[in-house]
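For what it's worth, the working numbering labels the leading residue of the sequence shown as 10, then goes sequentially.
Even for Gly, the Cβ is constructed at its ideal location relative to N, Cα and C.
Some notes on the structure that comes next.
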Amino acid sequence: GFEAASGRTEMFFALDKKFFSGSSTAQKIAVKVVYLDKGNGAWSLNYYSANGKKEAYKINCSNSGNWVTKTVVLSDAYFTQKLDHNCDVSIKYLSGDNTIFNSIEILR
10 GFEAASGRTE MFFALDKKFF SGSSTAQKIA VKVVYLDKGN GAWSLNYYSA NGKKEAYKIN
70 CSNSGNWVTK TVVLSDAYFT QKLDHNCDVS IKYLSGDNTI FNSIEILR
């Protein structure tokens, strides 16, 4: 999860370069994120597209106390480790309370 007070405000994920057989073209994939909807935190899922860094969506937690699964289909994602820290996908803290995550999955 995030720990904004100590500067831990973004998580970076890089796929194995063989995941798409070394392809450097846009991929259609689904990204599934499981998070705890506790407090009023806001965060975003980011990835790299032909136009550079792109925000897939923003989440504003509603303090339900439930584990929530958010899945989004991306048709223009490039997995060439072009984001900060040579990653492919990131989850970024935006505001409010820290959010706890269970998992992130990339589905072909």
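C-beta contact flag for residue i and residue j at 8 Å
| i | j | result |
| --- | --- | --- |
| N95 | A23 | yes |
| N55 | L92 | yes |
| A86 | Y57 | yes |
Sequence-distant residues of the same chain with beta carbon closer than 8 Å to residue i, five excluded per side
| i | result |
| --- | --- |
| D46 | C70, S71, N72, S73, G74, N75, W76 and V77 |
Spatial distance of residue i from residue j (CA atoms)
| i | j | result |
| --- | --- | --- |
| D106 | N60 | 31 Å |
| D97 | T34 | 13 Å |
| M20 | I100 | 5 Å |
| G48 | E64 | 22 Å |
Assumed close pair residue i, residue j - CB separation to whole angstroms, cut-off 8 Å
| i | j | result |
| --- | --- | --- |
| L83 | I38 | 6 Å |
| L125 | K26 | Residue 125 cannot be examined here, being either before or after the span of the chain that is shown, 10 to 117. |
Three-state class that DSSP yields for residue i in the structure shown
| i | result |
| --- | --- |
| A65 | strand |
| D85 | strand |
| S71 | coil |
| N49 | coil |
Same chain only: Cβ atoms within 6 Å of residue i, ignoring 5 sequence neighbours per side
| i | result |
| --- | --- |
| K67 | S53 |
Own chain residues within Cβ distance below 7 Å of residue i, not counting five before or after
| i | result |
| --- | --- |
| K62 | N55 and L92 |
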